[in-house]
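In the order they appear, the protein sequences are chains A and B. Residue numbering for the first sequence follows numbering that gives the first Met the number 0, starting at 0 and increasing by one per position. Residue numbering for the second sequence follows numbering that gives the first Met the number 0, starting at 0 and increasing by one per position. All C-beta atoms in this analysis are idealised placements derived from N, C-alpha and C, irrespective of residue type, glycine included. In this text, all values refer to a predicted model and were calculated from it rather than measured experimentally.
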Amino acid sequence: MMQTVARVLCALVVLGVSVAAAARPTIEELKSRKVLDDYEANVVYGYNIVTDTSRYAARYVGNRLQCSNCHLQAGTKPHAIPLDVEGLYPKWRSKNGVRNGLGLRIRECFLYSMNGIMPPEEAPEVQAVSAYIHYLSEGQVIGRLPPGARVPMVPETGEDPNPARGETVYHRICAACHGPDGHGTAAAPPLWGPESYNAGAGMNDVRKAAGFIWANMPVGNENSLSPQEALDVAAFLHLQIRPADPRDGRLRKLMERLVHRVSELFGATQ
Amino acid sequence: MTSLRRYLAGLSHEMTPDLSWVKTANVRSELVSGQVGALLVIPQAITFAYLAGVPPVYGLYCAVFVGFLASFLGNSAMVGGPNTAVSIMLSMSVMPYAGRGSPLYVEYVLALSLMVGLIQLVIWLLRGGEVFRYFSPAAITGIKTGVGVLLITSSLEGALGLGSVRTQFFYEKFYVVISGWGDLVNPCAAVISGVTVATGLVLKPFLRRTYVVFAVLAGCVIGAGIYLYAGPVASNLELLGHVTFHAFPFMIPNLTAQHLQFVEEVFPNAVAIAVLGLAQSLVIARDLEARTGPVNLHKEVFAQGASNALAPFCSTFAGSGSFNRTSIALEMGALTPLSGIVAAVAVVVIAWGLGPLLTYVPMPAIAGILAIVGIGMIQRREIVPLLRNRVDGTVFVLTLAAVSFLGLEAGLLVAVLSSVAFFVAGVSKVQLLISEEDGAEHIHVKGNLFYASFDRLARHLRRSPAAHTVLDLSHVPFCDSAASDMIESVQKLRARHGGRLDVRPSSSPREAPTNAGSTEGRT
């Protein structure tokens, strides 16, 4: 008896979940609706933040990038760090200010990729992006990496990444859109310089950047680079000047350097 | 007809800005207090915009436009603009209908603000400001002290970097903080807010006018040091963020059928917000009356209503008079609306000139100012004399408890009820001095005679229908028709039983019963 009840309940839950997944409205549908509930309005707001960050989350942004410059197609393109990853993190709603994995991850992208200010966990911007990620992740299995998540691993080439060769690749292919000085053009966002991501960003990791570039660049002709070219150009990007890693306290670094100098001086005189 | 004309003349007088202060204002002290007010309002505006759930820059617009209009149209040194309770109630009303912070939500907040302003204008037309004449000073002090307590507890989250801790009553927050000290409190935030509060309290006796400025500066310097030393990740400090300010954000608010339907549904909330905003502003105005001279309450009601109704056209939300900013302004010598006007203009200048610097102002320093202001609102020298008086003490304690335990809305309600109750009790106290003269009983009445107060006198007069009594009403300022009827009926009763009741008329001729009826009866 109990078992049947349980089974029926399970079936109902599964049915409910699949109906919910099938009935997921598109963002355009949501936008054209007259009345949105709290969650749906947050989803739309989150979508706006991801696609037009400098306008909708201006308070916390420090450069000229949008989230969707890296999370392509508003976070839906596979192999371009898609945002349908809620299942990998604790639940959407954070209670009583307990640090919640997904919220922290979003705040980190503000701090590093957007070279901005870390918003607090309860900031409406963070809540909205969480809602949007929840919306994208509907119907996924909790804890399992969705197909196409993050960026692909570039296959081993047996050779180290070579930034000098990367520079020629950059000027041959990428400069047309990203500009010869890498500071971006009207067609593409900056790759380095004061208006790009900072040294602490995930994109500053050579392997991750290489995977992203290999799978997604140049736009319109993806996967045309060889794995080695992707690694080389990623290493070249890694060497460019960009805002410092905010994890380093600047004053502490300065003091450490001073202490180092002073002790060196003492060492030299002794 | 003449009363209608008088009413209309009053309205048009209240609608025209009263600029008589131009000649009398002490421009220097008003300038200083306005500029400090601007420094104070910027972080508050951003916090309150956050409470209301709208982008931070809307708070600045509120400080500039609502603040300017409220001072320009008003006639007191009250500082208007964004307000905690109003912001919280706006967000509570809109939250069920739209995602907090979403564009639709913002449009709803603006539509609701327009509604609040219009309701306040209706209250102005109905002369609703009268009600606040009955507010007793004890209730006003009770509210002020309670707001101080609320400010201190609400600043705890920002000051200690707690994240949002939701508790039912204010003291629970202290308990949570003390019991969870190690896990909850961000030491960097605690140091910054601690330095801010300590600097403020230490400097206050020496720099009565500018101590707030130095307290903020101290907090910012310590904050910058910690931020640069430990870096943003390790220090985990919340910063103010980029403040963008467009000079003229004028626009026509979006009012489609959907917005109107929303406004209709939250109409009761709109009334509540309108009354709450007015109540706060008028309590402040009453408080000011005692310090800076007479204030036309109706004019303040108009100024509040008009500035709130115009707020959505300046892309911002409704506000009201601010307790803490007004007290700071007074402390720095402001006496006229000029300081509020200077503050509004100075906000623009500061936001433009200091925008990039403001980005790195640590929130704990801002929370520290709120705590200092809260501490300053709890004034021993105002409270102690009240506690010596039984009635004032009761009203004070009741309102203070209501504000700190149930919030400002409940506190204002308790303040109204208790002041009205004690007012009525005081007014309806009637003293009867009874003496014998030449075989006749003389009753000397002191106090107002009206339906609620003449009971004892009536019982006394009816007890001996055959006696001869002289009723002396010369110390009765007011006698309503119910009381006159009662006296007449006693006179008839006595005439039937062979007794007599002579009345010496009250000093106020219009409302006093005359002897005419009884003399006629005898002749």
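**Report entry** Phe395/B to Asn295/B span [Cα, whole Å]
**Finding:** Straight-line Cα distance between these residues: approximately 25 angstroms.
Query - Residues that Thr243/B contacts on chain A, provided the C-beta gap is smaller than 9 angstroms - result: Contact of Thr243/B with chain A by beta-carbon distance below 9 angstroms involves Ala57 and Arg58.
Query - Own chain, CB closer than 6 angstroms to Ala48/B, minus 5 neighbours either side, in chain order - result: Cβ neighbours of Ala48/B beyond the five flanking positions: Pro55, Tyr57 and Gly58.
Query - Rounded separation between Ser273/A and Val60/A - CA only - result: Look at the range of chain A in this structure, 0 to 269, and you will see that residue 273/A is not part of it.
Query raised in the report: Just how far apart, CA to CA, sit Ser93/A and Leu72/B?
Result: Below a pLDDT of 50, predicted positions are generally treated as unreliable, and Ser93/A, at 40, falls in that range; no measurement from the model is reported.
Query - Cβ shell of Phe134/B (< 8 angstroms), same chain only, five flanking positions each side left out - result: Within the same chain, Cβ atoms closer than 8 angstroms to the Cβ of Phe134/B are found at Leu281, Val282, Arg285, Ala414, Val415 and Ser418, the five residues on either side in sequence being excluded.
Requested in this report: Give the residues from the region 225 to 250 of chain A that approach chain B closer than 7 angstroms (Cβ to any Cβ), ordered along the chain.
Outcome: Residues of the region 225 to 250 of chain A with a C-beta less than 7 angstroms from any C-beta of chain B: Pro245, Arg246, Asp247, Gly248, Arg249 and Leu250, listed in chain order.
Query raised in the report: From Lys143/B to Ser86/B, what does the alpha carbon distance come to, in whole angstroms?
Result: Straight-line Cα distance between these residues: approximately 18 angstroms.
Query raised in the report: Whole alpha helix (DSSP H) runs in the region 72 to 127 of chain B with 4 or more residues, listed along the chain?
Result: Within the region 72 to 127 of chain B, the complete alpha helix (DSSP H) runs of at least 4 residues are 83 to 93 and 102 to 124.
**Report entry** Bridge-paired residues (DSSP) for Ser434/B
**Finding:** In the DSSP output, where bridge partners are listed per residue, Ser434/B has His441/B.
Requested in this report: Alpha carbon to alpha carbon, how far is His474/B from Leu500/B? Give it in angstroms, no decimals.
Outcome: Annotation: Leu500/B to His474/B spans about 18 angstroms, alpha carbon to alpha carbon.
Query raised in the report: Which one or two residues does DSSP pair with Asp501/B in a beta bridge?
Result: When DSSP reads this structure, Asp501/B sits in a beta bridge with Val469/B.
Query - Which listed residue (Thr315/B, Gly425/B, Gly157/B and Ser70/B) has its alpha carbon closest to that of Asp391/B - result: In terms of Cα proximity to Asp391/B, the closest of Thr315/B, Gly425/B, Gly157/B and Ser70/B is Gly425/B.
**Report entry** Pro189/A, DSSP secondary structure in three states
**Finding:** Residue state, collapsed to three classes: coil.
Query raised in the report: Under 7 angstroms, do Gly165/A and Asp231/A count as touching if we go by C-beta distance?
Result: In contact: Gly165/A and Asp231/A (Cβ atoms closer than 7 angstroms).
Query raised in the report: Can you name the residues that DSSP bridges to Ser361/B?
Result: The displayed chain sequence assigns Pro, not Ser, to residue 361/B. Among the bridge pairs identified by DSSP, Pro361/B is matched with Leu238/B.
Report task. Please compile the residues from chain D whose C-beta is within a distance smaller than 7 angstroms of the C-beta of Tyr60/B. Result -> Protein chains A and B are contained in the structure displayed, whereas chain D is not.
Requested in this report: Identify the continuous alpha helix (DSSP H) that holds Glu330/B and give its terminal residues.
Outcome: Counting along the chain, the alpha helix (DSSP H) containing Glu330/B begins and ends at Phe322 to Glu330.
Query raised in the report: For Leu448/B, which residues does DSSP report across the bridge?
Result: In the DSSP output, where bridge partners are listed per residue, Leu448/B has Cys478/B.
Query raised in the report: Taking the alpha carbon of Arg246/A as the point to measure from, which residue in Gln378/B, Gly230/B, Leu18/B and Met376/B has its own alpha carbon closest?
Result: It is Gly230/B.
**Report entry** Coarse secondary structure for Met117/A, derived from DSSP in three states
**Finding:** Reduced to three states, the DSSP call for Met117/A is coil.
Report task. Rounded to whole angstroms, what's the CA-CA distance from Pro252/B to Ser314/B? Just pull it up for me. Result -> Separation of Pro252/B and Ser314/B (C-alpha to C-alpha, rounded to the nearest whole angstrom) is 8 angstroms.
Query raised in the report: Looking at the structure shown, is Leu238/A part of a helix, part of a strand, or coil, going by DSSP?
Result: Coil at Leu238/A, not helix or strand.
Requested in this report: Return no unless some Cβ of chain A is closer than 7 angstroms to the Cβ of Val232/B.
Outcome: Answer yes: the Cβ-Cβ gap between Val232/B and chain A drops below 7 angstroms somewhere.
Requested in this report: Tell me whether Arg455/B is buried or exposed, calling it buried when 16 or more other Cβ atoms sit within 10 Å of its Cβ.
Outcome: Under the 10 Å beta carbon count, Arg455/B is surrounded by fewer than 16 other beta carbons and is classified as exposed.
Query raised in the report: chain B beta carbons: is any one of them nearer than 7 angstroms to that of Pro119/A?
Result: Chain B, which has a Cβ nearer than 7 angstroms to the Cβ of Pro119/A, makes this yes.
Requested in this report: Give me the Cβ distance between Val212/B and Val53/B, rounded to the nearest whole Å; I'm assuming they're in contact under 8 angstroms.
Outcome: A Cβ-Cβ separation of about 27 angstroms leaves Val212/B out of contact with Val53/B under the 8 angstroms criterion.
**Report entry** Neighbourhood of Arg5/B by C-beta, 7 angstroms cutoff - its chain only, sequence neighbours within 5 removed
**Finding:** Excluding sequence neighbours, Arg5/B sits near nothing in its chain.
**Report entry** As assigned by DSSP and simplified to three states, the class of Ala79/A
**Finding:** The answer is coil: DSSP assigns Ala79/A none of H, G, I, E or B.
**Report entry** Straight-line gap, Asn95/A to Val125/A (C-alpha atoms, nearest Å)
**Finding:** Residue placement at Asn95/A cannot be trusted, given a pLDDT of 38 that sits under 50; what the coordinates show is reported in the next sentence. Each residue's Cα considered, the two are about 15 angstroms apart.
Query raised in the report: How would you list, in chain order, the residues of chain A whose beta-carbon sits under 7 angstroms from the beta-carbon of Glu237/B?
Result: Listed along chain A are Pro119, each with a C-beta nearer than 7 angstroms to that of Glu237/B.
Query raised in the report: With 16 other CB atoms within 10 Å as the buried threshold, where does Ile45/B fall?
Result: In this structure Ile45/B is buried. Its beta-carbon is surrounded by 16 or more other beta-carbon atoms within 10 angstroms.
Query raised in the report: Are there three or more Cβ pairs, one per stretch, closer than 8 angstroms when the region 154 to 161 of chain A is compared with the region 59 to 76 of chain A?
Result: Taking a cut-off of 8 angstroms for Cβ pairs, the region 154 to 161 of chain A and the region 59 to 76 of chain A do not touch, as fewer than three such pairs fall below it.
Requested in this report: Report buried or exposed for Asn222/A, applying the criterion of at least 16 other Cβ atoms within 10 angstroms of its Cβ.
Outcome: Classification of Asn222/A: exposed, given that the 10 Å Cβ count is below 16.
Query raised in the report: Would you say Leu103/B and Ala97/B are within 7 angstroms of each other, going by their C-beta atoms?
Result: In this structure, Leu103/B lies near Ala97/B, with their beta-carbon atoms less than 7 angstroms apart.
Query - Ile283/B in three-state terms, based on DSSP - result: It is helical.
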